[in-house]
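Engineer: In terms of the working numbering, the sequence shown opens at residue 32 and continues consecutively. Even glycine gets a Cβ: it sits at the ideal position worked out from N, Cα and C. To start, I am sharing the structure in question, which I have written as structure tokens.
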Amino acid sequence: MCENVSVEIRDGIQTIRMSRAEKKNAITIPMYEAIAAALTQANEQDDIRVSVLLGVPGAFSSGNDIKDFTKMAMGGGLGEPIVDFLTILANTKKPLLAGVDGLAIGVGTTMLFHCDYVVASDRSLFKTPFTDLALVPEAASTLLAPLVMGHQKAFELLCMSEGFDAAAFEKMGVINKVTSTDKLEDSILEAAKTIAAKPTGAMQLSKALMKQEGREAIEERIRKEAMAFATQLTSKEAQAAFMAFLGKRS
32 MCENVSVEIR
42 DGIQTIRMSR
52 AEKKNAITIP
62 MYEAIAAALT
72 QANEQDDIRV
82 SVLLGVPGAF
92 SSGNDIKDFT
102 KMAMGGGLGE
112 PIVDFLTILA
122 NTKKPLLAGV
132 DGLAIGVGTT
142 MLFHCDYVVA
152 SDRSLFKTPF
162 TDLALVPEAA
172 STLLAPLVMG
182 HQKAFELLCM
192 SEGFDAAAFE
202 KMGVINKVTS
212 TDKLEDSILE
222 AAKTIAAKPT
232 GAMQLSKALM
242 KQEGREAIEE
252 RIRKEAMAFA
262 TQLTSKEAQA
272 AFMAFLGKRS
């Protein structure tokens with residue numbers, strides 16, 4: 032298990048909480064592995080009817096850990112644990128919910144396109160600075176974001192690195208509901224309880240039918256993005272962007 036990811040199962044609800052507050056929930060390789068293991072567990076265990084992803088106050092996730100990025104750049108790839116996580120994320124059999132408070136940066140935003148129900152606080156910020164780091168989007172977001180948001184808004188998000196607030200994301204259908212920070216977790220857990228109370232077989236089959244047509248395309252896009260990501264990681268422009276970013280933080 033990973034000290035920065037806690038997993039709790041109660042009354043059919045699996046709560047997966049990312050807890051690396053000192054780094055604003057930047058996701059490390061061990062965190063990806065722990066979340067992937069929990070999602071796999073949900074697929075396999077009958078006592079889990081729904082999973083909920085949560086962060087810490089003020090930070091759902093600030094994206095990939097930049098130090099892991101630099102290590103991956105030296106290795107010449109996106110990293111199998113991340114690709115495995117994204118593939119498992121795209122193949123969740125049980126309903127997957129997310130409660131977002133504050134920062135949702137990079138993969139903190141793109142993973143939401145794989146969730147079935149998302150509630151965000153009114154102080155949330157959604158932003159994907161991939162091109163700012165000379166990288167490309169991941170998590171099949173180049174396929175899913177245009178389908179949900181339309182090409183122009185998806186271009187703003189993925190290519191121009193523009194930030195969106197929760198109200199805008201709700202209007203575009205990326206998230207389901209906006210609430211205050213103090214009511215966020217109660218709101219998402221109430222939705223989880225509603226789902227967990229419904230017939231499991233019917234719920235799981237209904238989700239499978241909704242996802243059936245696009246599953247292969249999503250997996251293929253994850254692979255294509257990973258290949259492009261790996262190519263960019265080793266580029267001179269990406270290395271320069273990483274060094275500039277790390278320089279600003281030091």
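(1) Which residues mark the beginning and the end of the alpha helix (DSSP H) in which L264 is found?
(2) Starting from L166, follow the alpha helix (DSSP H) in both directions and report where the run begins and ends.
(3) Leaving aside the five residues before and after S37 along the sequence, list all residues of the same chain whose C-beta is less than 7 Å from its C-beta, in chain order.
(4) Look up D96 in the DSSP assignment and say whether it is helix, strand or coil.
(5) Quick one: what's got a C-beta closer than 6 Å to G110's C-beta in the same chain, skipping five residues either side?
(6) Taking 8 Å as the threshold, find out whether the segment 83 to 98 comes into contact with the segment 51 to 66 through three or more Cβ pairs.
(7) Could you compute how far the alpha carbon of A151 sits from the alpha carbon of D132?
(8) If I'm right that S155 touches K125 with Cβ under 8 Å, what's the distance once you round it to whole angstroms?
(9) To the nearest angstrom, how far is the alpha carbon of E250 from that of G43?
(10) Using beta-carbon positions only, say whether H145 and L127 come within less than 8 Å of one another.
(11) Please classify L178 as buried or exposed, where buried requires at least 16 other C-beta atoms within 10 Å of its C-beta.
(12) Beta-carbon within less than 7 Å of R252's beta-carbon, same chain only, minus the 5 sequence neighbours each way: which residues are those?
(13) Report the three-state DSSP secondary structure of K158 (helix, strand or coil).
(14) Alpha carbon to alpha carbon, how far is A227 from E187? Give it in angstroms, no decimals.
(15) Decide if the segment 180 to 198 is in contact with the segment 253 to 265; the criterion is three or more beta carbon pairs, one per stretch, under 8 Å apart.
(16) Kindly indicate which residue of T159, Q76 and I206 has the alpha-carbon position closest to the one of V149.
(17) Determine the contact status of I79 and F276, defining contact as a CB-CB distance below 8 Å.
(18) So, with DSSP's three-state summary, where would you put A57?
(19) Rounded to whole angstroms, what's the CA-CA distance from Q72 to Y63? Just pull it up for me.
(20) Please list the terminal residues of the continuous alpha helix (DSSP H) segment that includes G139.
(21) Could you tell me the distance, in whole angstroms, from the CA atom of A176 to the CA atom of T141?
Structural biologist: For this structure:
(1) Start and end: R246 to L264.
(2) First-last for L166: undefined, no H or E at that position.
(3) R48 and S50
(4) coil
(5) The residues are M103.
(6) yes
(7) 6 Å
(8) The pair is not a contact, with the Cβ atoms about 24 Å apart (cut-off 8 Å).
(9) 28 Å
(10) yes
(11) Its Cβ having fewer than 16 others within 10 Å, L178 is exposed.
(12) A171, T173 and L174
(13) Strand.
(14) Distance between the alpha carbons of E187 and A227: 36 Å.
(15) no
(16) I206
(17) Not closer than 8 Å, so no.
(18) Residue state, collapsed to three classes: coil.
(19) 14 Å
(20) V138 to T141
(21) 8 Å
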